[in-house]
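The structure under discussion appears below in the form of structure tokens.
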DNA sequence: TTTCCATATCGTGATATTACGATAAATAAA
DNA sequence: TTTATTTATCGTAATATCACGATATGGAAA
């Protein structure tokens with residue numbers, strides 16, 4: 065075992081879980097935040113900004129790229145990464161869907 | 065290695081990553097959604113609803129309990145679980161903070 | 001061409017996660 | 001007391017994640 069039983073769950077549940085997994089590491093949060101305020105960046109920028117090895121940053125970038133949160137274009141010898149705006153909005157909406165099912169901020173603890 | 069270097073990141077980044085990690089499994093998404101529509105439930109309800117073993121459900125419940133998304137009260141021989149409303153709102157706000165840094169829905173791909 | 005530079009990928013070790021059977025603990029019912 | 005019922009925890013196997021050094025790739029500069 066040790067493998068998630070995706071077939072037991074809905075498409076929406078699996079997709080939200082995968083989106084959450086992409087955000088489930090502080091380095092990837094930091095990369096996204098860096099991109100949100102800088103528009104673009106390259107691997108080397110992130111190696112300086114965060115204290116992780118180049119190979120590790122590259123691995124995190126690939127995870128974000130795999131789920132299409134970021135995209136990159138080759139610029140000479142380096143790669144320019146940026147947020148994929150549509151995908152970012154799409155993922156935000158997935159999260160909002162579950163968060164907005166709870167709407168009463170004044171409700172007390174229920175159990 | 066194999067352990068996240070939390071000391072490289074801000075408190076907010078680490079907390080958001082931990083919140084995302086709690087949502088990074090479809091079974092836990094399913095449990096939360098079940099609770100959002102039913103208010104409360106017991107482990108046994110979830111064993112019927114999802115197709116996972118009782119021990120597995122219990123393990124997922126504990127992860128959600130550890131991060132305080134849910135709370136439980138003993139009710140005779142069973143345990144009543146429910147969403148922790150304040151914590152749920154708090155986590156929603158953590159996600160909104162990063163999502164709301166990107167506001168232009170009409171912007172085109174940047175790279 | 002040769003030498004840099006930036007990035008991706010490979011290989012690997014350490015650790016974490018997922019899943020479940022078996023068992024323990026604690027209350028309810030017979 | 002004995003027997004169910006319900007949940008938590010333990011132990012464990014399979015797999016995934018995290019981090020990094022080493023290496024490969026591909027373009028730029030000398």
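Residue numbers (my numbering), protein chains in the order written: chain A, 65 to 175; chain B, 65 to 175.
Beta carbons are placed, not taken as given, at the ideal position from N, Cα and C, and that holds for glycine.
In this text the structure is predicted, and so the values were computed from the model without any measurement.
(request) Could you please give me the residues that DSSP links to residue 144 of chain A through a beta bridge? (result) A/137
(message) Rounded to the nearest angstrom, what separates residue 152 of chain B and residue 133 of chain B at their Cα positions?
(response) 6 Å
(request) For the alpha helix (DSSP H) holding residue 107 of chain A, just list the boundary residues, first then last. (result) 107–113
(message) Contact between the segment 128–147 of chain A and the segment 117–135 of chain B is defined here as three or more beta-carbon pairs at a separation below 8 Å; is this criterion met?
(response) no
(request) Check the DSSP bridge columns for residue 104 of chain B and list the partner residues they point to. (result) B/146
(request) Please confirm whether residue 97 of chain B and residue 165 of chain A have their CB atoms less than 9 Å apart. (result) yes
(request) Sort B/71, B/82, B/104 by Cα distance to residue 127 of chain B and report the nearest one. (result) B/82
(request) Mark residue 123 of chain B as exposed unless 16 or more other C-beta atoms lie within 10 angstroms of its C-beta, in which case mark it buried. (result) exposed
(message) Could you tell me the alpha carbon to alpha carbon distance between residue 138 of chain A and residue 117 of chain A, rounded to whole angstroms?
(response) 21 Å
(request) Note down, in chain order, each residue of its chain lying with its Cβ closer than 7 Å to the Cβ of residue 86 of chain B, except the 5 sequence neighbours on either side. (result) 92, 127, 128, 131, 133
(message) If distances are taken between C-alpha atoms only, which option among A/75, A/88, A/76 comes closest to residue 76 of chain B?
(response) A/88
(request) Output yes or no for whether 9 Å exceeds the beta carbon distance between residue 84 of chain A and residue 84 of chain B. (result) yes
(request) Could you tell me which chain B residues have their CB closer than 8 Å to the CB of residue 154 of chain A, listed as they occur along the chain? (result) Here the premise fails: no neighbours, minimum Cβ distance about 11 Å.
(request) Give the interface partners of residue 89 of chain A over in chain B, defined as CB-CB distance under 7 Å, in chain order. (result) 68, 81
(request) Determine the direct distance from the alpha carbon of residue 162 of chain B to that of residue 110 of chain B, and round the result to whole angstroms. (result) 32 Å
(request) Could you tell me whether the Cβ of residue 74 of chain A comes closer than 9 Å to any Cβ of chain B? (result) yes
(message) Please identify, using Cβ separations under 8 Å, the residues of the segment 88–118 of chain B that lie next to chain A, in order along the chain.
(response) 88, 89, 90, 91, 92, 93, 94, 96, 97, 100, 101, 103, 104, 114, 115, 116
(message) Cβ closer than 7 Å: which chain A residues qualify as neighbours of residue 165 of chain B?
(response) 100
(message) Please return the same chain residues whose Cβ sits closer than 8 Å to the Cβ of residue 99 of chain A, not counting the five positions on each side in sequence.
(response) 105, 134, 145, 146, 147
(message) Taking 6 Å as the limit between beta carbons, can you name the residues of its chain near residue 125 of chain A, skipping five residues before and five after?
(response) none
(request) Please classify residue 78 of chain A: does DSSP put it in a helix, a strand, or coil? (result) helix
(message) Against residue 138 of chain A, what residues of chain B qualify as contacts under a CB-to-CB distance less than 9 Å, listed in chain order?
(response) Here the premise fails: no neighbours, minimum Cβ distance about 10 Å.
(message) Run through chain A and tell me which residues come within less than 7 Å of residue 43 of chain B, C-beta to C-beta.
(response) Any answer about residue 43 of chain B is impossible in this case: the structure gives chain B only from 65 up to 175.
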